[in-house]
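To keep things clear, I will list the structure first and then write my remarks on it.
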Amino acid sequence: MRTVFAAASIASFASLAAAQSIQGFGRFPCTIVNGDGTFSPDQTQCADANLIVPGTNDPTSVYQGDHPAPTGSQCVIEAATGAYFCGIVGAACTSDANCDNGVCSSQDGVTPGTCQGGFSQACANSDSNCSGYLYCTDPLGQPTTSDTCGGIGAYCQDYTVGSNTNTDAQNEALFNQFCESGYCAYLPGTCAVHVGLGQDCSFDPEFACDTGLTCTTDATSGAQTCTIATGSARARTRARRSDLKARRNLCPASHSACAIPGAKGFECIDTSSNIEQCGACASEGGVDCTQIEGVAAVGCVAGVCEIWSCEDGFTYDAAKGACVA
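Heads up, the sequence shown is in UniProt numbering, so the first residue is 1 and it goes up one at a time.
Structure, rendered in structure tokens:
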């Protein structure tokens, strides 16, 4: 499963400054903000050398933020926000490589086409058909009923976006941009629609209710529904948010939230003693001590692999700190 932001502490953000300034679903902004506050495109920002992947640069990753940057991409407008991004839906292309995720309508490498995968576009249950940070499937990688990029039910909390130093509202504002509905339900991590007065809000108590409403828990039944916000209701909401925030930081201070290879989630790892992710998460340069050549017994002590014995045919070289043949 993919990470749901509300259920894991995010370990690191390769491009935090860029992520916090996102004004649309593209991964690579190419916007110039004019003196009057309007936007203009800047094609130079789309030069291949200027595009820094926010994640791991892994084309096989289940996260859109990890995928390689486009090459030869065009700076185009993102209609919903008026901001400009490199290689998103609508950009000119002759191959998929010119697009920021998604696909090119031209597949022969010669005929001019455009990048596909924007809001409302069908995605055939495949995230690879969606542009930028948009997803087609849910947090478990399963099909959604909408089967459109950024449609209802689609995952909307890419781990390369947001920060555990942001407020919930700041992160929510970022994630909302990845949903056609304009609302990413914070707890389930899926695109949804806000609910109105008297409706159930238990799926996302913090953000589910329409403006002017708050999610209130009935003292008798325990049911959570949207009610008109009052002074006492707002106080209860603040208390609830504090509790939710505490539960979201599930990893102890001594542990790191490390991505699970081949899966859409994180696990809490003590990298100071974990023998397979020693010193850091594997995705961030941590060492698998068990894979050191020639070792028979090894441990991870204070984030450093410590060799205790060598295999037959190897001897320990103290100067090199390794088993040598």
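Glycine included, every Cβ here is placed at the ideal spot set by N, Cα and C.
Check, Outcome
"Same chain, Cβ closer than 6 Å to Thr217, neighbours up to 5 away in sequence not counted", "Gln224"
"Given 8 Å, three or more beta-carbon pairs between the stretch 81 to 96 and the stretch 104 to 123", "yes"
"Those runs of the alpha helix (DSSP H) which lie wholly inside the stretch 142 to 203 and span at least 4 residues", "168 to 176"
"Own chain residues within Cβ distance below 7 Å of Gly286, not counting five before or after", "Thr271, Gln277, Cys278, Gly279, Ala280"
"Inter-residue spacing [alpha-carbon to alpha-carbon] between Gly55 and Ile152", "25 Å"
"Closest Cα partner of Cys99 within the set Val298, Ser202, Phe28, Cys209", "Phe28"
"According to DSSP, residues forming a beta bridge with Ser131", "Asn101"
"Enclosing beta strand (DSSP E) for Asp66 [first to last residue]", "Note, Asp66: premise wrong, no beta strand (DSSP E); not H, not E."
"Those residues which DSSP pairs with Glu306 across a bridge", "Gly299"
"Chain D within 8 Å of Asp58, Cβ atoms only", "Looking at the structure shown, chain D is missing, and only one protein chain is on hand."
"Closest by C-alpha distance to Glu306, when choosing among Cys215, Gly82, Asp317", "Asp317"
"Residue of Gly182, Pro188, Asp210 minimising C-alpha distance to Ala195", "In the sequence as presented, Ala is not what sits at residue 195; that position holds Val. Checking every option, the nearest Cα to that of Val195 belongs to Asp210."
"Burial state of Ala304 (16 or more Cβ within 10 Å)", "Checking the displayed sequence, the identity of residue 304 turns out to be Val instead of Ala. Exposed, by the Cβ-count rule."
"As assigned by DSSP and simplified to three states, the class of residue 327", "With the chain covering only 1 through 325, there is no way to say anything about residue 327."
"Contact check, Gly24 vs Glu78, beta carbons under 8 Å", "yes"
"The beta strand (DSSP E) enclosing Gln224, as first and last residue numbers", "224 to 228"
"Reference Glu180; option with closest CA among Phe85, Cys156, Thr214, Phe314", "Cys156"
"Same chain only: Cβ atoms within 8 Å of Thr290, ignoring 5 sequence neighbours per side", "Ile275, Glu276, Val298"
"For Cys75, the three-state DSSP class (helix, strand or coil)", "strand"
"Beta carbon of Gly124 nearer than 8 Å to that of Thr137", "Checking the displayed sequence, the identity of residue 124 turns out to be Ala instead of Gly. No."
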